[in-house]
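Trainee:
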Amino acid sequence: MTNSETNKNRISVISIFPEYLAPLELSLIGKAREAGLLEIVVTDLRDFTTDIHRTVDDTPYGGGAGMVMMPTIWGEAIDQSAANSEAEIHDLVILTPAGELFTQAKAQEMSTCAHLIFACGRYEGIDQRVTDHYRSRPEFRVREVSIGDYVLNGGEAAALVMIEAIVRLIPGVIGNPASLEEESHTISEAQLPGALLEYPTYTKPPVWRELAVPEVLTSGNHGLIQKWRREMALARTRRIRGLTRE
Ligand code: JFE
């Protein structure tokens, strides 16, 4: 049983920079929250510190540059986030450049989770025992996730990217169901190794800076348009992704 058929989806985000998550109030995600389709709870990791300096990091065992986030503080924050949710399973997402790559297929899967918890680290990341501990608890599913092969300063921007990709797939969130339906071809193809890129799109005016809209699109011949779009998608896919298909 998936959550979207029963409860409201909850997303928790834990960070030392909760203000970084302010965009979650805006646009599509903000409207989904207002409509009661989705609950987003942003927590300041420093609320779980116990010392006067509100310390969340310490030097790495074994030496090396930078600081590592302490498992004690993260454990308290994640436990509270789970305790405040009615979900039976908590999907803990730990952002890291060393994680499995986030894809459309994973966004689709995560859009059915009752309670997603995003752990946004900073510095050199979070003590590995946080991942290992929650993997040993049956009420948690733990994934270490990367949004791409480049290094960010922390997990917050990666969490924003993932949440945007996930939330638009929750039933009822997108205002225009046709745009998701049309995309369903793309979604199923995006999961295949030979994914097809989108064809180019045009709107008015018919000529702009001496560039005309391709004639086929104004022909009214829908069969020809479909064939042209598929050919453009294939050509673009070969050119950009270097794939040889069909
Ligand atoms: C954190 C950092 C050098 C981490 C752990 C927490 N796709 C993606 N790129 N970067 C991240 C995700 C990411 C996510 C969380 C993060 C980066 N950093 C910085 C720097 C090595 C690291 O290894 C801290």
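Mapped onto the numbering used here, the consecutive letters of the sequence shown carry residue numbers 5 to 250.
Think of the CB as a built atom: it goes at the ideal place given N, C-alpha and C, for glycine as much as any other residue.
1) Say yes only if the C-beta of R126 is nearer than 6 Å to one or more non-hydrogen atoms of the ligand JFE, and no if none qualify.
2) Whole angstroms is fine: what's the gap from H57's alpha carbon to Q132's?
3) Distance, Cα to Cα, T63 vs P75?
4) Evaluate the contact criterion for the region 84-95 versus the region 23-40: three or more CB pairs, one atom per stretch, below 8 Å.
5) I244: buried (16+ other C-beta within 10 angstroms of its C-beta) or exposed?
6) Flag this pair as yes or no: are the beta carbons of I98 and E148 separated by less than 7 Å?
7) Assuming contact is defined by CB atoms lying nearer than 7 Å, are N13 and I178 in contact in what I supplied?
8) Which one of I93, L201, P101, T54 has the shortest CA to CA distance from G125?
9) Please give me, in chain order, every unbroken run of the beta strand (DSSP E) with length at least 3 that falls completely inside the region 108-188.
10) Give a single yes or no on whether P22 has its beta carbon closer than 6 Å to a heavy atom of the ligand JFE.
11) Measure the C-alpha to C-alpha separation of P54 and A81 and round it to an integer number of angstroms.
12) With a 10 Å radius around its C-beta and 16 neighbouring C-beta atoms as the bar for buried, classify Y138 as buried or exposed.
13) Can you name, in chain order, every residue of its own chain whose Cβ lies under 7 Å from the Cβ of A237, other than the five neighbours on each side?
14) Let me confirm a value: D51 is counted as buried when at least 16 other C-beta atoms fall within 10 Å, else exposed. Which label applies?
15) When DSSP labels each residue in this structure, what does H57 get in the three-state scheme?
16) Using a Cβ-Cβ cutoff of less than 6 Å, which residues in the same chain neighbour S85 once the five nearest sequence positions on both sides are dropped?
17) How would you label H226, buried or exposed, when you count the other beta carbons within 10 angstroms and need 16 or more for buried?
18) Rounded to whole angstroms, how far is the Cβ of E160 from the Cβ of L25, which I believe are closer than 8 Å?
19) Between the alpha carbons of E235 and T59, how many angstroms are there, rounded?
20) Using alpha carbons as the reference points, say which of F144, E128, I18 lies closest to N157.
21) Taking a contact to mean a Cβ-Cβ separation below 7 Å, would you say L228 touches V217 in this structure?
22) With distances taken Cα to Cα, identify the nearest neighbour of E104 among S150, R242, A118, I18.
23) Along the alpha helix (DSSP H) that carries A81, what are the first and last residues, could you check?
24) On the CB-based measure, 16 or more other CB atoms within 10 Å of its CB, does W212 come out buried or exposed?
Mentor: Inspection of the coordinates gives the following:
1) Answer for R126: yes, Cβ within range of the ligand JFE.
2) Between H57 and Q132, the C-alpha separation is close to 23 Å.
3) For T63 and P75, the distance between alpha carbons rounds to 13 Å.
4) Fewer than three pairs of CB atoms, one per stretch, sit closer than 8 Å, so the region 84-95 makes no contact with the region 23-40.
5) Under this definition I244 is an exposed residue.
6) Cβ distance < 7 Å, so I98 and E148 count as in contact.
7) No, these two residues do not count as a Cβ contact at 7 Å.
8) Scanning I93, L201, P101, T54 for the CA closest to the CA of G125 turns up P101.
9) Within the region 108-188, the runs of beta strand (DSSP E) at least 3 residues long that lie entirely inside it are, in chain order, 119-123, 144-150.
10) Outside the cutoff, so no.
11) Reading off the sequence, residue 54 comes out as Thr, not Pro. Counting only the Cα atoms, A81 lies some 12 Å from T54.
12) So Y138 counts as buried.
13) Counting only Cβ-Cβ distances below 7 Å, and skipping sequence neighbours, we find L200, L201, E202, Y203.
14) So D51 ends up on the exposed side.
15) Three-state result, H57: coil.
16) Contacts found: S16, I121.
17) Result: exposed.
18) The Cβ separation is near 7 Å, so the contact holds.
19) Going by C-alpha positions, E235 is about 57 Å away from T59.
20) For the residues F144, E128, I18, the minimum Cα distance to N157 belongs to E128.
21) Taking 7 Å as the Cβ cut-off, L228 and V217 do not qualify as a contacting pair.
22) Restricting attention to S150, R242, A118, I18, the CA atom closest to the CA of E104 is found in S150.
23) Where A81 is concerned, the enclosing alpha helix (DSSP H) stretches over 75-87.
24) Exposed.
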